[in-house]
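Engineer: Quick note, the sequences are listed as chains A and B, same order.
Numbering-wise (the numbering used here), the first sequence opens with residue 1 and increments by one.
Numbering-wise (the numbering used here), the second sequence opens with residue 1 and increments by one.
Note that CB positions come from ideal geometry on N, CA and C, so glycine has one too.
Mind having a look at this structure? Questions to follow.
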Amino acid sequence: MPQIEGFVLDLSGARVRRTDLSKANLTGANLSNADLTGANLRGANLANATLKGTILRGADLRDAINLTKEQLADAVVDDTTILPAKIK
Amino acid sequence: MATTNGGSDQIAYWIQISELVRNYGLVAAAGIGVGLAWWRSRASNRQALAALRQAELAQRDHVVEMFNRAVDQLGSDKLEVRLGAIYTLKRISRDPQYIDYRVPILETLTAYVRERTREDTNAEPLVDVREIMKLLNEALAEPK
Numbered sequence: 001m002p003q004i005e006g007f008v009l010d011l012s013g014a015r016v017r018r019t020d021l022s023k024a025n026l027t028g029a030n031l032s033n034a035d036l037t038g039a040n041l042r043g044a045n046l047a048n049a050t051l052k053g054t055i056l057r058g059a060d061l062r063d064a065i066n067l068t069k070e071q072l073a074d075a076v077v078d079d080t081t082i083l084p085a086k087i088k
Numbered sequence: 001m002a003t004t005n006g007g008s009d010q011i012a013y014w015i016q017i018s019e020l021v022r023n024y025g026l027v028a029a030a031g032i033g034v035g036l037a038w039w040r041s042r043a044s045n046r047q048a049l050a051a052l053r054q055a056e057l058a059q060r061d062h063v064v065e066m067f068n069r070a071v072d073q074l075g076s077d078k079l080e081v082r083l084g085a086i087y088t089l090k091r092i093s094r095d096p097q098y099i100d101y102r103v104p105i106l107e108t109l110t111a112y113v114r115e116r117t118r119e120d121t122n123a124e125p126l127v128d129v130r131e132i133m134k135l136l137n138e139a140l141a142e143p144k
């Protein structure tokens, strides 16, 4: 369920490097092709979020929940991406 | 003697009658007074309600105007004008009285972020986009 009734975040194609979305409910969010380099996504809920082509280099995803391997496979990650200990 | 007694009885009788008439008169006057007071309070209640409704409508019109103007200002070339518009929209979106505006404001500001940053090559977004991202993060925060 999105946090706000009727609102699902759509940042497709946006370049929001080093932005802070920690602990945000990103359920169903469209983050495809967004540049989230160095973003803070600690504790974010990424259930059913679209991460196709999402740049997550240097992003901090510690404690992020509901993140799946399939979602990560679509995203652009590297050694500097901090991933949660548990990935579905 | 009998005539004198008869005269005082008659006077007493008329005094009683006049007291009765006066008392009924007072009761009737009080009744009319209560009725008038009720009618007046009803009329003034109606006036107060109408004034309240008028004030609510004026306030709503004011918010609609503020929203429309702020959305227009988002297209300005001047950063300070855009920033002012973002603060206005933020304030409206946080007001529980205008909950209907929350989603349209978040949608509008998200569209702004998408459009304004598409070609952005800076290490991090400009202050206007950062302000919007702060609002989005706050709006999407998981309950503690």
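Please decide whether B:VAL127 counts as near chain A, where near means a Cβ-Cβ distance under 9 Å.
Structural biologist: Start at 1 with the first residue of the second sequence, and residue 127 of chain B comes out as number 127. Not one chain A Cβ lies under 9 Å of B:VAL127.
Engineer: Is there at least one Cβ from chain A nearer than 9 Å to B:ARG130's Cβ?
Structural biologist: The residue given as residue 130 of chain B occupies position 130 in the second sequence. By this cut-off, B:ARG130 is an interface position.
Engineer: Using the three-state DSSP reduction, which class does A:ASP79 fall into: helix, strand or coil?
Structural biologist: Your numbering for residue 79 of chain A matches position 79 in the first sequence. DSSP places A:ASP79 in coil when its eight states are reduced to three.
Engineer: Return yes when the Cβ of A:LEU11 is within less than 9 Å of the Cβ of A:ILE41, no when it is not.
Structural biologist: Here residue 41 of chain A is taken as the residue at index 41 of the first sequence, counted from 1. Here residue 11 of chain A is taken as the residue at index 11 of the first sequence, counted from 1. What sits at residue 41 of chain A in the sequence shown is Leu, not Ile. It is not a contact, given that the beta carbons lie outside the stated cut-off.
Engineer: What residue range is occupied by the uninterrupted alpha helix (DSSP H) comprising B:GLN97?
Structural biologist: Working through the second sequence from its first residue, we reach residue 97 of chain B at position 97. Run containing B:GLN97: none; DSSP gives neither H nor E here.
Engineer: If the cut is a Cβ gap below 9 Å, which residues of chain B does A:SER12 touch?
Structural biologist: Within the first sequence, residue 12 of chain A is the residue found at index 12, counting from 1. What A:SER12 touches in chain B: ARG114.
Engineer: Given a threshold of 16 other Cβ atoms within 10 Å of its Cβ, counted over all protein chains shown, does B:MET1 qualify as buried or as exposed?
Structural biologist: Taking the second sequence and counting its residues from 1, the one referred to as residue 1 of chain B is at position 1. For B:MET1, the pLDDT reaches just 49, beneath the cut-off of 50, and the residue's location in the model is therefore unreliable, leaving the point undetermined.
Engineer: If you measure from the beta carbon of B:MET66 to each beta carbon in chain A, is any gap under 9 Å?
Structural biologist: Within the second sequence, numbered from 1, the residue matching residue 66 of chain B stands at position 66. False, the Cβ-Cβ gap to chain A never drops below 9 Å.
Engineer: Helix, strand or coil, according to DSSP, for A:ILE65 in the structure here?
Structural biologist: Position 65 of the first sequence, counting from 1, holds the residue named residue 65 of chain A. Strand.
Engineer: Cutting at 8 Å between CB atoms, please list the residues of its own chain near A:LYS52, excluding the five before and the five after it.
Structural biologist: Locating residue 52 of chain A in the first sequence gives position 52, counting from the first residue. Result list for A:LYS52: SER32, ASN33, ASP74 and ALA75, in chain order.
Engineer: Rounded to whole angstroms, what's the CA-CA distance from B:THR88 to B:ALA139? Just pull it up for me.
Structural biologist: On the second sequence, position 88 is the one that residue 88 of chain B refers to. On the second sequence, position 139 is the one that residue 139 of chain B refers to. Going by the C-alpha atoms only, they are around 16 Å apart.
Engineer: Starting from the Cα of A:VAL8, find the closest Cα among A:ARG15, A:ARG17, A:SER22 and A:ALA29 and give me that residue.
Structural biologist: For this step, residue 8 of chain A is matched to residue 8 along the first sequence. The option with the nearest alpha carbon to A:VAL8 is A:ALA29.
Engineer: From A:GLU5 to A:LYS86, what distance separates their C-alpha atoms?
Structural biologist: On the first sequence, position 5 is the one that residue 5 of chain A refers to. On the first sequence, position 86 is the one that residue 86 of chain A refers to. About 29 Å.
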